[in-house]
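**Q** Numbering (numbering that gives the first Met the number 0), first residue to last: 0 to 304.
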Amino acid sequence: MKILLSLLFLFSLNYGFEYNLKPKKIIENVYCFFGKLENISKENAGNIVNTCFVQTKEGFVVIDSGPTYAYAAQAYEQMQHIAKLPVKYVINKHDHDDHWLGNSFYKDKGALLIGPRTYEENTLSGMETRMHSTLGDMLFAKTKIVKLDMIVDNNFTLKIADDVFEILQPTKIAHTKGDLIVYFPRKKVVFTGDLLFNGRLTSLRDGSIIGSLKALDTIEGYHADFIVSGHGYDTSKDATKQFVSYLSEIKTKVLNALDNDVDMDEITKKVSMPAYKNMKLYDLLHARNVLDAYKELEMIEDDEE
Ligand SMILES: [Zn+2]
0 MKILLSLLFL
10 FSLNYGFEYN
20 LKPKKIIENV
30 YCFFGKLENI
40 SKENAGNIVN
50 TCFVQTKEGF
60 VVIDSGPTYA
70 YAAQAYEQMQ
80 HIAKLPVKYV
90 INKHDHDDHW
100 LGNSFYKDKG
110 ALLIGPRTYE
120 ENTLSGMETR
130 MHSTLGDMLF
140 AKTKIVKLDM
150 IVDNNFTLKI
160 ADDVFEILQP
170 TKIAHTKGDL
180 IVYFPRKKVV
190 FTGDLLFNGR
200 LTSLRDGSII
210 GSLKALDTIE
220 GYHADFIVSG
230 HGYDTSKDAT
240 KQFVSYLSEI
250 KTKVLNALDN
260 DVDMDEITKK
270 VSMPAYKNMK
280 LYDLLHARNV
290 LDAYKELEMI
300 EDDEE
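#1: Please write down, chain order preserved, every residue whose beta carbon lies under 6 Å from a heavy atom of ligand 1.
#2: In terms of alpha-carbon separation, which member of Phe52, Gly114, His93 and His80 lies closest to valine 86?
#3: In whole angstroms, give me the CA-to-CA distance for glutamate 57 and glutamine 79.
#4: Going by beta carbon distance, what residues of the same chain come within less than 7 Å of alanine 256, once the five residues before and after it are set aside?
#5: Mind reading off the beta-carbon distance from aspartate 178 to methionine 130? Whole number of angstroms is fine, and I expect it under 8 Å.
#6: Given a threshold of 16 other Cβ atoms within 10 Å of its Cβ, counted over all protein chains shown, does serine 211 qualify as buried or as exposed?
#7: Specify whether the stretch 284-298 and the stretch 239-258 touch according to this definition: at least 3 beta carbon pairs, one from each stretch, less than 8 Å apart.
#8: With histidine 131 as the anchor, note down where its alpha helix (DSSP H) starts and where it stops.
#9: Nearest-angstrom Cα distance between leucine 284 and asparagine 46?
#10: Out of Pro22, Lys35, Ile39 and Ser244, which has the shortest C-alpha to C-alpha gap to tyrosine 75?
#11: Glutamate 76 lies in the alpha helix (DSSP H); which residues open and close that run?
#12: Going by C-alpha to C-alpha distance, which of Glu295, Ser207 and Glu219 sits closest to threonine 234?
#13: What number of angstroms, rounded off, separates the C-alpha of glutamate 297 from the C-alpha of valine 261?
#14: From glutamine 77 to valine 29, what distance separates their C-alpha atoms?
#15: Output the distance between the C-alpha atoms of phenylalanine 59 and aspartate 162, rounded to the nearest integer angstrom.
#16: Would you identify the three-state DSSP class for phenylalanine 33, choosing helix, strand or coil?
#17: Could you tell me the distance, in whole angstroms, from the CA atom of alanine 110 to the CA atom of asparagine 259?
#18: Among Glu300, Glu295, Lys158 and Trp99, which has the Cα closest to the Cα of aspartate 193?
#19: For leucine 157 and methionine 263, what's the separation of their Cα atoms in angstroms?
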């Protein structure tokens with residue numbers, strides 16, 4: 000028992016946190032880990048995010064590397080149970096830190112890191128990340144911020160063995176100012192990152208409601224068989240439906256309110272949307288989303304006048 004306990008202790012020193020990652024197969028060669036529909040906390044150690052990996056003949060392509068070094072190390076361990084192959088590329092879809100702090104693990108393993116320009120602009124500032132300050136040094140152990148090997152500005156086709164990955168920034172601003180979509184045509188899977196949430200609400204704080212709806216249009220335009228979001232469990236071809244109606248309803252209601260000269264300090268009371276109350280984080284994020292939409296749409300209305 001003593002030996003077991005000390006082994007467990009050593010294990011936790013090495014890896015910071017036991018994430019218990021279990022890959023879910025989306026379709027042959029395509030797997031994802033699904034995070035909890037929560038905010039970041041010490042209890043979940045940042046496991047609130049979806050990350051995926053695709054097996055090719057030459058190695059794995061990882062799509063988003065997760066919240067910590069330990070998370071990436073444990074994800075890699077799971078990949079090796081599926082096939083003893085190296086990770087060749089990590090594609091980062093945007094710069095929010097729940098999605099890419101596993102990068103330094105893969106860099107150590109020799110993978111090439113790909114991502115949007117905003118990753119370089121926003122992650123290399125030297126500021127402590129929200130993840131680090133929430134988790135503390137122990138859970139964050141070994142996690143480092145590393146540079147990308149390749150920046151994608153508009154679009155890029157990544158070829159590996161006989162597979163291709165189409166990487167596209169659908170619009171200048173949507174969830175952030177640098178969101179990439181990854182499409183894997185062989186299996187008709189589209190990885191949306193945080194351009195799509197399901198089961199929980201998004202935050203519009205760094206983005207745009209107009210851009211978000213435009214990006215969702217692009218995503219639906221792939222007519223994919225599987226749509227994998229940045230947060231949420233629905234991977235069906237209809238996975239965008241609820242999210243599109245949530246954003247569209249905010250947009251319609253806020254535009255209506257602007258037409259009726261509703262003030263900014265009244266808007267969150269006016270635009271309640273009880274149909275979405277069962278979505279996780281509604282109480283935390285909905286009012287703020289309405290306010291962000293108001294600020295954006297008010298500017299557009301002003302420009303038009
Ligand atoms: Zn996210």
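For every residue, glycine included, the Cβ atom is placed at its ideal position computed from N, Cα and C.
**A** Answer, in terms of the structure:
#1: Val48, His95, Asp97, His98, Asp193, Gly229 and His230
#2: Nearest option by C-alpha distance: Phe52.
#3: 14 Å
#4: Ile266, Lys269 and Val270
#5: That pair is no contact at about 19 Å.
#6: Classification of serine 211: buried, given that the 10 Å Cβ count is 16 or more.
#7: yes
#8: 129-138
#9: Computed Cα separation, rounded: 19 Å.
#10: Pro22
#11: 68-81
#12: With distances taken between CA atoms, threonine 234 lies nearest to Glu219 out of Glu295, Ser207 and Glu219.
#13: 11 Å
#14: 13 Å
#15: Near 11 Å, if we compare the C-alpha coordinates of aspartate 162 and phenylalanine 59.
#16: coil
#17: 54 Å
#18: Trp99
#19: If you draw a straight line from the Cα of leucine 157 to the Cα of methionine 263, it comes to about 45 Å.
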